[in-house]
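Student:
Chains as they are written, first to last, in our numbering: chain A, 34 to 424; chain B, 40 to 318.
Okay, structure coming up:
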């Protein structure tokens with residue numbers, strides 16, 4: 034039984050309702066049980082009338098006190114709240130809505146339709162450290178790149194750089210859209226996942242800006258976007274399953290891009306391109322780390338999901354069967370860049386290096402797949418089935 | 040007027056009328072309907088654009104229960120010669136007052152000082168922002184329209200002042216000096232200060248009406264209680280602490296439903312008579 038006698042008191046002095054008195058009233062009422070009384074003192078003009086109106090609106094009962102300047106409020110029904118655990122739950126309730134994890138939540142709020150609301154669907158270890166690194170390593174395409182140091186390059190080299198920047202930009206845009214599509218589906222209870230993906234989106238936006246800027250900086254502008262690349266990226270954008278999408282994007286695609294960006298840094302004809310590749314590589318390495326951490330988390334609990342991941346790579350490969358492979362625009366640009374020019378001798382050198390790049394990419398993919406528990410044979414097959422367009 | 044319906048179980052679901060003074064009315068009634076359905080009561084709701092049409096429908100038997108404004112209740116009683124009864128009301132419908140506000144520095148200290156002045160009011164059919172406070176003024180000997188000028192703010196006439204727009208215009212008229220006084224519902228006075236329509240400290244309360252009651256659910260008194268008792272029981276059982284209806288109750292502006300009382304309408308009845316509102 035709640036104690037219904039008046040014990041709680043609040044003195045408003047000359048503070049009026051419209052001057053914020055409800056703040057003090059609510060604080061005092063928080064200490065009073067439902068049905069209990071709060072004694073209020075105050076001397077602002079019209080306080081009795083204003084208190085009566087306020088109580089009616091708030092569902093409390095008001096009565097004038099025995100003394101002048103004194104009033105009594107009987108606490109009406111309060112809104113129940115439920116406490117959520119500060120720890121990460123296995124399942125997030127739709128009714129928790131946008132409330133931060135661990136906050137008190139008023140009951141009766143709207144239900145949100147976050148479809149990814151179990152830990153096993155979205156979680157990863159090491160999210161804190163990945164996010165922290167991302168936050169600490171943000172760079173600016175405008176401020177941190179020595180655009181003034183861009184030399185005038187031979188025409189064929191500049192054209193090759195511009196073509197590669199075009200290819201990189203379209204891939205970065207795809208890598209932006211994939212996490213962005215899923216962010217709004219993930220229950221905010223798993224905010225570390227949302228935050229990490231949001232940083233990926235920001236990273237990719239910066240990459241797209243920086244690579245486009247590089248193509249424009251030399252005066253030549255962007256090159257050509259090939260159908261093959263677009264078809265390949267579309268299959269990535271259309272993947273509906275979060276874990277499969279993260280596997281295809283972060284592990285297979287961005288993993289392959291790590292090797293590509295390293296190659297670009299080593300073969301860059303100018304310091305600007307080299308630095309862009311280096312910075313982008315650092316960012317992409319975090320995306321790959323997230324992908325691997327997420328896949329480890331999922332596969333540890335559901336080892337047989339390896340089958341569906343493999344199937345996804347193969348399905349994508351079949352869909353792209355009619356696509357001949359890496360677009361000639363990109364291949365030619367890589368060869369000219371790696372060879373240092375377009376003479377037959379330079380092309381021979383370049384082609385040899387690009388073949389080496391493919392081997393390195395394949396090697397790194399297989400290592401990653403084996404790291405995720407795929408056996409050597411499956412790793413070879415899946416790496417071989419990965420899109421020839423790198424992402 | 041409709042003939043007395045069958046005393047036994049209704050042949051069709053109960054029909055409840057409400058006036059659509061705001062789009063939220065649809066949300067509220069769809070929500071209530073599903074809440075009632077889960078508790079074994081089928082009812083349908085019919086929305087009217089104005090209270091006159093709803094009163095006519097209620098007295099004509101097209102709807103069984105009307106969610107009435109106080110003025111619609113008074114009109115129902117006048118037209119039916121007192122043959123209506125009220126079922127329930129919101130806690131927030133009891134003991135409202137209206138306030139006549141003046142500018143802080145104005146040399147106005149009593150109702151009689153308003154002679155020759157301009158009084159800003161809400162919609163012409165608003166009980167709280169027009170009829171009741173003007174009636175109080177008339178009682179004090181200042182006849183609206185004769186001894187003082189009345190500045191109406193006819194926002195959504197027909198909705199009996201349910202829409203706050205008319206009152207807001209009235210206090211704006213006071214604030215900018217177009218009027219010497221403004222009539223508002225007590226809780227809207229606080230609202231207008233909080234939302235910034237009125238700067239705090241620039242106005243003061245000249246007079247407050249006696250408390251009066253507001254909306255209720257109205258039925259014709261020959262409607263058998265068996266038709267409505269379950270409806271009322273479920274209504275009164277709604278809890279603000281129940282997540283299922285909390286938002287609906289917030290939208291409807293109440294913390295709990297109470298059994299109706301009809302003792303709080305005398306001031307409005309007097310005003311209607313004095314101003315020959317339904318003559």
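Even glycine gets a Cβ: it sits at the ideal position worked out from N, Cα and C. This structure is a prediction, so every number in the text was calculated from the model and none was measured.
1. Under a three-way DSSP split, which group does residue 236/B fall into?
2. Report the neighbours of residue 316/B on chain A: residues whose CB is nearer than 7 Å to its CB, in chain order.
3. With a cut-off of 8 Å, does the C-beta of residue 252/B fall near any C-beta of chain A?
4. Given residue 87/A, which residues of its chain have a CB within under 7 Å of its CB, disregarding the five upstream and five downstream residues?
5. Measuring only the C-alpha atoms, how far is residue 389/A from residue 382/A?
6. Just curious, the beta strand (DSSP E) that residue 143/A is in, first and last residue?
7. With distances taken between CB atoms, is the gap from residue 196/A to residue 140/A smaller than 8 Å?
8. From residue 305/B to residue 251/B, what distance separates their C-alpha atoms?
9. Counting only runs of 4+ residues fully inside the region 145-207 of chain B, write out the alpha helix (DSSP H) ranges in chain order.
10. In the DSSP assignment, find the unbroken alpha helix (DSSP H) run with residue 128/B in it and report its ends.
11. Can the beta-carbon of residue 314/B be found less than 8 Å from the beta-carbon of residue 126/B?
12. Output the distance between the C-alpha atoms of residue 62/A and residue 71/A, rounded to the nearest integer angstrom.
13. Closer than 8 Å, CB to CB, is residue 399/A near chain B or not?
14. Could you please give the first and the last residue of the uninterrupted alpha helix (DSSP H) stretch that includes residue 321/A?
15. Anything in chain A within Cβ reach of residue 131/B, meaning under 8 Å, just list it in chain order.
16. Taking the beta strand (DSSP E) that residue 142/B falls in, what are its first and last residues?
17. Within its chain, find whatever has a CB closer than 8 Å to the CB of residue 96/B; leave out the 5 residues flanking it on each side and keep chain order.
18. Just to check my reading of the structure: residue 401/A and residue 325/A have Cβ atoms closer than 8 Å, yes? What is that Cβ distance to the nearest angstrom?
19. Would you list the one or two residues that DSSP bridges to residue 246/B?
20. Tell me whether residue 104/A sits in a helix, a strand or coil according to DSSP, three-state version.
21. By a C-beta neighbour count over all protein chains shown, 10 Å radius and 16 as the cutoff for buried, is residue 203/A buried or exposed?
22. Is there a Cβ of chain A sitting closer than 8 Å to that of residue 247/B, yes or no?
23. Would you give the residue range spanned by the alpha helix (DSSP H) that residue 275/B belongs to?
24. Can you check DSSP and say which residues form a bridge with residue 56/B?
25. Residues of chain A with a CB under 8 Å from the CB of residue 165/B: which are they?
26. Quick check on DSSP: helix, strand or coil for residue 254/B?
27. Can you check whether the CB of residue 135/B is closer than 8 Å to the CB of residue 179/B?
28. For chain A, find out if any of its Cβ atoms is closer than 8 Å to the Cβ of residue 300/B; answer yes or no.
29. Do you know whose CA, among 144/A, 186/A and 53/A, lies nearest residue 304/A's CA?
30. Short of 8 Å in beta carbon distance, which residues of its chain neighbour residue 146/A, apart from the five on each side in sequence? Order them along the chain.
31. Do the region 368-383 of chain A and the region 285-293 of chain A meet, that is, are 3 or more Cβ pairs less than 8 Å apart?
32. Can you pull the chain B neighbours of residue 113/A, defined as C-beta to C-beta under 7 Å?
33. Run the CB neighbour count on residue 114/B, radius 10 Å, all protein chains shown included, and call it buried at 16 or more, exposed below.
34. Just tell me which of 350/A, 420/A, 345/A and 308/A has its CA closest to the CA of residue 360/A.
35. DSSP on residue 208/A, reduced to helix/strand/coil?
36. Where do the ends of the alpha helix (DSSP H) carrying residue 74/B lie?
Tutor: Put simply:
1. On the second chain, position 197 is the one that residue 236/B refers to. In this structure, residue 236/B counts as coil in the three-state DSSP scheme.
2. As a working note, residue 316/B is residue 277 in the second chain. In chain A, no part has a C-beta under 7 Å from the C-beta of residue 316/B; the shortest such distance is about 26 Å.
3. By one-based count along the second chain, residue 252/B stands at place 213. No - not a single Cβ of chain A is within 8 Å of the one on residue 252/B.
4. Your numbering for residue 87/A matches position 54 in the first chain. Cβ within range, chain order: 50 and 55.
5. Counting from 1 along the first chain, the entry for residue 389/A is found at position 356. Counting from 1 along the first chain, the entry for residue 382/A is found at position 349. Computed Cα separation, rounded: 11 Å.
6. Mapped onto the first chain, residue 143/A falls at position 110. First-last for residue 143/A: undefined, no H or E at that position.
7. If you number the first chain from 1, residue 196/A lands on position 163. If you number the first chain from 1, residue 140/A lands on position 107. No, the pair does not count as a contact, with Cβ atoms beyond the cut-off.
8. As a working mapping, residue 305/B is identified with position 266 in the second chain. As a working mapping, residue 251/B is identified with position 212 in the second chain. Each residue's alpha carbon lies about 8 Å from the other.
9. 171-178
10. Mapped onto the second chain, residue 128/B falls at position 89. First-last for residue 128/B: 127-129, but that is the beta strand (DSSP E), not the alpha helix (DSSP H).
11. As a first step, residue 314/B is located in the second chain; it is residue number 275 there, counting from the start. As a first step, residue 126/B is located in the second chain; it is residue number 87 there, counting from the start. In this structure, residue 126/B does not lie closer than 8 Å to residue 314/B by Cβ.
12. Residue numbering aside, residue 62/A sits at position 29 when the first chain is read from its first letter. Residue numbering aside, residue 71/A sits at position 38 when the first chain is read from its first letter. Approximately 7 Å between the Cα atoms of the pair.
13. The residue you call residue 399/A lines up with position 366 of the first chain. So no, residue 399/A is outside the interface.
14. Reading the first chain from its first residue, position 288 is the one you call residue 321/A. Element bounds for residue 321/A: 304-334.
15. Locating residue 131/B in the second chain gives position 92, counting from the first residue. 89 and 90, listed in chain order.
16. Indexing the second chain from 1 puts residue 142/B at position 103. Residues 137-142.
17. Position 57 of the second chain holds residue 96/B. Excluding residues within five positions, the ones whose Cβ falls inside 8 Å are 56, 85, 87, 102 and 105.
18. Counted from its first residue, the first chain places residue 401/A at position 368. Counted from its first residue, the first chain places residue 325/A at position 292. Confirmed, Cβ separation roughly 7 Å.
19. Counted from its first residue, the second chain places residue 246/B at position 207. Paired residues: 139/B.
20. In the first chain, counting from the first residue as 1, residue 104/A sits at position 71. In the structure shown, residue 104/A adopts extended strand secondary structure according to DSSP, grouped into three states.
21. Counting from one through the first chain, the residue named residue 203/A turns up at place 170. Burial call: buried.
22. Start at 1 with the first residue of the second chain, and residue 247/B comes out as number 208. Judged by the 8 Å Cβ criterion, residue 247/B is in contact with chain A.
23. For the purposes of this step, residue 275/B is taken as residue 236 along the second chain, with counting starting at 1. The continuous alpha helix (DSSP H) containing residue 275/B extends over residues 264-276.
24. What you label residue 56/B is simply residue 17 of the second chain in a count that begins at 1. For residue 56/B, which the question treats as bridged, DSSP gives the partners 85/B and 105/B.
25. Numbered from 1 along the second chain, position 126 holds the residue referred to as residue 165/B. Ordered by position in chain A, no residue passes the 8 Å Cβ test against residue 165/B, which lies about 18 Å from the chain.
26. As a first step, residue 254/B is located in the second chain; it is residue number 215 there, counting from the start. Here residue 254/B sits in coil by DSSP.
27. By one-based count along the second chain, residue 179/B stands at place 140. By one-based count along the second chain, residue 135/B stands at place 96. Not closer than 8 Å, so no.
28. Here the question's residue 300/B lines up with position 261 in the second chain. For residue 300/B, the answer is no, since every Cβ of chain A falls outside 8 Å of its Cβ.
29. Along the first chain, read from residue 1 onward, the residue named residue 304/A stands at position 271. Nearest option by C-alpha distance: 186/A.
30. The count along the first chain starts at 1 and reaches residue 146/A at position 113. Cβ neighbours of residue 146/A beyond the five flanking positions: 127.
31. no
32. Numbered from its first residue, the first chain carries residue 113/A at position 80. Those within 7 Å of residue 113/A in chain B are 280.
33. Numbered from its first residue, the second chain carries residue 114/B at position 75. By the 10 Å Cβ count, residue 114/B comes out buried.
34. One-based indexing of the first chain puts residue 360/A at position 327. The candidate whose alpha carbon is nearest that of residue 360/A is 420/A.
35. The count along the first chain starts at 1 and reaches residue 208/A at position 175. Of the three classes helix, strand and coil, the one that applies to residue 208/A here is helix, per DSSP.
36. Here residue 74/B refers to the residue found at position 35 when the second chain is read from its first residue. Per DSSP, residue 74/B belongs to the alpha helix (DSSP H) from 63-77.
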